[in-house]
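Here the structure is laid out as structure tokens; the discussion comes afterwards.
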Amino acid sequence: MIFRYCTLLATWMGIVALGGCAAVPPTSSITGSASYRERMALPPDAVLEVQLEDVSRADAPAVEIGGTTVQPVGQVPIRFEIPYDPARLQSGHRYQVRASIKAGGSLLFVTDTAYPVLGADGVRHVDMLLKRAMPAEPSSRATLENTYWKMVRLNGQPVTVAEHQREPHLVLHPDRHSVSGSGGCNGMGGSYRLEGQRLSFSRMAGTLMACPHGMDQEHRIHTMLPTVASWQIEGERLRLLDGQGTVVAEFESRYMQ
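Below is the structure:
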């Protein structure tokens, strides 16, 4: 009788113990480091934020798969590890890691290059170089000149960033009326003329690298620029229009230095 009671008690306790355990999904992780070239120390309250994202759909926002924060950050390179649930990965999708460093509510550094992971090559470690960011002035919209303009749409189609390439962008420099930027694979530069809302680009040229991806999009960027006749800014968004008033490209301000 005593033996049976003890057996039942042990069984009951085992059931309770099992019932109290929540299922823990299996996890994997992405490791890496974040650094920047500037010779400056970060504020004591600086925070590194890193996200693993699904960027498969160019016409939709990225989906966060995992993320982590590091504080205090210490000195660069800043090491990090992003845990994620492998069950959330889908075959054929593209994944990349992005990062930012913030302090006191202000953005200090941010990635502007695609860092792909979990592809056919099985990459699970990334060493990222962040670029310094300058936040917008309070209660002011972005200005056409002296602003880093990230291209987001080209002739009505979403702009994509190929693996290991810069994001397509433009910066207009008023001191010498020159334009610099990138088509993704190659850097580019030239001149511009600005008269009120009228804008035109000329003498645009680029480096001559051949990349396995993104060359068609880059060619379309170079073909589009000479057709620009005017510009519009609404908040943080720039639209370039051709002579017929058709929007040929759209950009978002990033205030990069």
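Heads up: the sequence shown is residues -22 to -1, 1 to 235, going by mature numbering (1 follows the signal peptide of the UniProt record, and there is no 0).
Backbone N, C-alpha and C define an ideal beta-carbon position, used for all residues, glycine too.
Open item on the list: Which same chain residues end up closer than 7 Å to S208 when comparing Cβ atoms and leaving out the 5 residues on each side of it in sequence?
Closed with: Q175, R176, L177 and L219
TODO: Could you check if R76 is buried or exposed, using at least 16 other CB atoms within 10 Å of its CB as the buried criterion?
DONE: buried
Open item on the list: Taking DSSP's pairing of strands, which residues face Q210 in a bridge?
Closed with: Residue pairing by DSSP places Q210 opposite R217 in a beta bridge.
- [ ] Mark G44 as exposed unless 16 or more other C-beta atoms lie within 10 angstroms of its C-beta, in which case mark it buried.
- [x] It is buried - the Cβ of G44 has at least 16 other Cβ atoms within 10 Å.
Task: Among G52, D90 and Y62, nearest to M129 - alpha-carbon criterion - done: D90
Open item on the list: What does DSSP give as the partner residue(s) for G82 in the beta ladder?
Closed with: Bridge partners of G82 according to DSSP: none are assigned.
Open item on the list: Can you look up T91 in the DSSP assignment and give me helix, strand or coil?
Closed with: If DSSP states are grouped into helix, strand and coil, T91 belongs with the strands.
Task: Bridge partners - E42, DSSP secondary structure assignment - done: According to DSSP, E42 bridges with E31.
Open item on the list: Our contact map puts Q195 next to V137 with C-beta atoms below 8 Å; I'd like the distance itself, whole angstroms only.
Closed with: Under the criterion of beta carbons closer than 8 Å, Q195 and V137 qualify as touching, at roughly 7 Å.
- [ ] Express the C-alpha separation of H197 and A183 in angstroms, rounding to a whole number.
- [x] 11 Å
Task: Three-state secondary structure (DSSP) of D99 - done: coil
- [ ] Please report the Cβ distance between I211 and A120, rounded to the nearest whole angstrom; I am assuming they are in contact, meaning their Cβ atoms lie under 8 Å.
- [x] 6 Å
Task: Counted within 10 angstroms of its Cβ, other Cβ atoms place V225 as buried (16 or more) or exposed - done: exposed
- [ ] Would you check if the distance between the CB atom of A24 and the CB atom of L96 is smaller than 9 Å?
- [x] no
- [ ] Label R232 either buried or exposed according to how many other C-beta atoms from any shown protein chain fall within 10 Å of its C-beta, with 16 as the threshold for buried.
- [x] buried
Open item on the list: What would DSSP say about G(-4), mapped onto helix, strand or coil?
Closed with: Only weak support is given to the placement of G(-4): the predicted model assigns it a pLDDT of 45, under 50, and the question is left unresolved by the model.
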